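These notes are about the structure you will find just below.
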Amino acid sequence: MSEEILVNVTPMETRVAVVDNGATQDIHIERSASKGMVGNIYAGKVVRVLPGMQAAFVDIGAERTSFIHVSDIYVPGSESRSRASDAIGDFLHEGKKVIVQVTKDPLGSKGARLTTELSVSSRYLVFMPQSRHVGVSQRIDDAEERERLQQLLAQGLELEEMSGEGGYILRTAAEGVGLDEIRADLRFLKRLWAAVSRRAKAARKAELLYTDLALHLRTVRDLARPGVERILVDSRESFTALQEFCAEYMPEVSGLLEHYPGERPLFDLHGIEEELQRALSRKVELKSGGYLIIDQTEAMTTIDVNTGSYVGRRNLEETIFKTNLEAASMLARQLRVRNLGGIIIVDFIDMRDEEHRRQVHRALEKAMARDPARNKITGVSELGLIEMTRKRTRESLEQLLCEDCPVCNGRGVLKTAETVCYEIFREIMRDARAYDNDTLMVLATQGVIDRLLDEESANVADLQEFIGKTITLRVEPDNNPEHFDIVLL
C-alpha cells in the first residue's frame with residue numbers, strides 16, 4: 001500500500017485528502033467558521049427531560065440544544081453506562097450541571113449527540129477518566145502484539161505512578177511502539193486531564209472545556225500510519241506548526257512532512273478537486289461503462305447499480321457479474337469519500353448464479369474491511385438487496401458543502417409546465433366564483449406562459465367563455481417555474 005496525505009490550508013478552511021495509489025480514499029474538510037464538535041467536552045445545563053423518550057436536552061452554548069439518551073449516561077462505580085431501560089429521571093433533572101462530550105455533530109435540524117462517558121486522546125492512547133477498563137484497538141489483530149502492548153501500558157502506568165487513575169485504550173497507531181513512547185503519552189494525558197478538570201470545576205455556565213486538535217494536526221496524529229509515504233502541506237505556517245507538533249509528539253513522522261510551494265494548487269495537481277465534484281453527483285461512472293446512482297436521504301442512503309453501456313464479451317450473466325464486482329469496490333470508496341453513514345441499501349443487478357452472489361458479497365466485505373469507520377454488512381435479502389450500516393459521526397460531504405435547492409426545496413424534481421397550467425386553471429375558477437371583477441391577469445414564468453399561449457390556448461379560450469371574464473397573461477421573471485399569481489383587475 002502506497003498512501004499520501006495532502007493538506008490544503010486557507011484562512012477559510014482546511015482540507016485533507018488521503019490518496020492510495022492515485023485514488024482518493026478520504027476527504028476531510030474543516031471550516032474556520034463552523035468547526036466540527038465531535039470530541040469536544042462541555043460544561044452543560046439540562047434544560048428539558050423527556051421521560052417518554054428516556055432522553056434529555058442539554059444546553060452546551062451551541063446554536064441548537066444537544067441531546068443525550070439514558071444509555072449514554074455513565075454510572076459512577078458501575079464500570080459501564082446506564083441501561084436503556086433505566087429511568088432518565090434517576091440521573092438528570094432540569095437545571096442540573098453536567099460535564100458532557102459530543103459523540104455526533106449536529107446533523108440537519110438535530111442537535112449534537114452527547115455522552116457523559118468522557119475520553120481524551122493522544123497519539124497512542126485514549127484516556128477514559130471514569131473507567132478502569134484497559135483495551136486494545138480491534139484493528140491490531142496479532143495476539144502477541146496485543147499482549148505486549150497491555151504489558152507495556154501496565155509497566156508505564158506503574159513507572160509514572162498513575163495506576164488506578166482511569167481506563168485506557170491502546171490505539172491502532174501504538175502497534176510496534178516501545179515503553180518510552182507510551183510513557184510520554186501517559187504524561188501528556190495526565191497534564192491534559194488535569195487542565196480539563198480545573199476548567200470543569202470553575203465553570204458556572206454552559207461553556208467549552210476542551211476541544212480536539214485542529215484538522216491538520218489531527219490528520220497527522222490519526223492518519224500517519226504505516227504505509228504513508230509522505231504528507232504534503234501547501235501552507236508554510238501550517239507546515240511549521242506540524243513540524244513542531246511532530247518534533248514533540250511524533251518524531252518518527254517528521255521525515256514524512258514536505259512543504260508544497262508550487263504555483264499550481266495542490267488539490268488541482270492531484271485531481272482532488274475533480275474528485276470532490278464527482279462526490280457531489282448522484283451518478284458515479286464505472287470504468288466498464290456501468291454506473292452507480294447514489295441517493296442520500298435523512299433516513300438512509302440507497303445505491304443502485306446499473307450496467308449502462310457495458311455489454312460484456314460472453315453473455316448477460318458475465319456482464320452483470322463483472323459490473324457488480326466493480327461496483328462493490330467503487331461504492332466502498334464512495335462511502336468513505338462522501339462520508340456516508342447510517343443505514344445503506346445496495347441494489348446490485350440481479351444475479352442468477354449463487355456463486356456469483358457470494359463472490360460479490362465477499363468483494364464488498366473485503367473492500368469495506370479497509371474502511372476505518374465501523375461497518376456491518378448483512379447477507380442478500382429476499383428482494384436481492386444488501387443492507388449495511390456505517391458509523392456516522394460527522395456530516396457527509398453533501399451536508400457540509402451543499403444546501404437544499406431553493407427552487408424545489410430539496411425534492412429534486414419540479415412540476416411540469418403542464419401541471420402548473422392546470423393549477424392556474426383551478427385557481428382562476430376559485431377566484432372567478434369568489435370575486436366580482438372583469439379581468440384576471442396570470443403572472444407566471446416564461447415556460448408556463450408559452451404553454452398557455454400554445455398547447456393550452458384552446459383551454460384558456462374555453463375557460464374565458466365559461467367564467468365570462470377576460471384572462472390576460474404576463475411573464476413574471478422568477479427562478480421558480482412552479483410559482484404563479486392571479487391578479488384581479
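Okay, so the sequence shown: first residue is 1 according to full-length UniProt numbering, each after it adds one.
By construction, the Cβ of each residue, glycine as well, lies at the ideal position given by its N, Cα and C atoms.
Note that this is a predicted model, so its numbers are computed, not measured.
Shown here for residue 445: same chain residues with a beta carbon closer than 6 Å to its own, the five before and five after excluded, namely 478, 481 in chain order. Under a 10 Å Cβ-count criterion, residue 14 is classified as buried, with 16 or more other Cβ atoms of the shown protein chains found around its own Cβ. Residues 438, 439, 440, 464 of the same chain have their beta carbon placed closer than 8 Å to that of residue 470, with the five preceding and five following residues left out of the count. Contiguous alpha helix (DSSP H) elements confined to the stretch 324-390 occur at 354-369, taking only those with 4 or more residues.
Contact between residue 101 and residue 118 holds, since their C-beta atoms are separated by about 5 Å, short of 8 Å. Cβ contact annotation for residue 233 (same chain, cutoff 8 Å, sequence separation greater than five): 7, 9, 216, 239, 242, 257, 258, 259, 260, in chain order. For residue 291, the enclosing beta strand (DSSP E) has its first and last residue at 291-296.
The beta carbons of residue 120 and residue 92 sit no closer together than 8 Å. DSSP, read as helix, strand or coil, puts residue 60 in coil.
Taking every protein chain shown into account, the CB of residue 245 has 16 or more other CB atoms within 10 angstroms, so this residue is buried. Restricting attention to 416, 489, 175, the CA atom closest to the CA of residue 148 is found in 175.
In this structure, residue 5 lies near residue 228, with their beta-carbon atoms less than 8 Å apart. Per DSSP, the continuous alpha helix (DSSP H) segment holding residue 424 begins and ends at 417-434.
The three-state reading of DSSP puts residue 207 in strand, counting E and B together.
Residue burial is scored here from C-beta neighbours: residue 265 has fewer than 16 other C-beta atoms within 10 angstroms and is therefore classed as exposed. By the Cβ-count criterion, residue 158 is exposed, with fewer than 16 other Cβ atoms from all chains shown falling within 10 Å of its own Cβ. Taking every protein chain shown into account, the CB of residue 24 has 16 or more other CB atoms within 10 angstroms, so this residue is buried. The three-state reading of DSSP puts residue 485 in strand, counting E and B together.
Per DSSP, the beta-bridge partners of residue 8 are 15. Looking at the DSSP output, residue 474 bridges to 443.
With distances taken between CA atoms, residue 332 lies nearest to 373 out of 373, 356, 306. The way I'd put it, the stretch 418-429 doesn't touch the stretch 371-388; fewer than three beta-carbon pairs between them come closer than 8 Å. Residue 197 is classed as exposed because its beta carbon has fewer than 16 other beta carbons within 10 Å across all chains shown.
Only residues of its own chain outside the window of five on either side were considered, and among them 394, 396, 397 have a CB closer than 7 Å to the CB of residue 339, listed in chain order. Taking all protein chains in view, the Cβ of residue 21 is surrounded by fewer than 16 other Cβ atoms within 10 Å, so the residue is classified as exposed. According to the DSSP assignment, residue 125 belongs to the beta strand (DSSP E) that extends over 125-128.
Taking every protein chain shown into account, the CB of residue 324 has 16 or more other CB atoms within 10 angstroms, so this residue is buried.
Assignment of residue 451 by DSSP, reduced to helix, strand and coil, places it in the helix class.
Beyond the five residues adjoining it in sequence on each side, residue 153 comes within less than 7 Å, by CB distance, of 134, 168, 170, 182 in the same chain, given in chain order.
Going by C-alpha positions, residue 484 is about 16 Å away from residue 460.
For residue 45, the beta-bridge partners assigned by DSSP are 59, 97. Boundaries for residue 38: no alpha helix (DSSP H) harbours it, and the DSSP string shows neither H nor E there. Taken in chain order, the complete beta strand (DSSP E) segments of 3 residues or longer contained in the stretch 96-176 are 97-104, 113-115, 125-128, 134-136, 167-170. Under the three-state reduction of DSSP, residue 307 is assigned to coil, being neither helix nor strand. Close CB contacts of residue 473 within its chain, under the 6 Å cut and outside five residues either way in sequence, are with 442, 449, 452 (chain order). Looking at the DSSP output, residue 230 bridges to 4.
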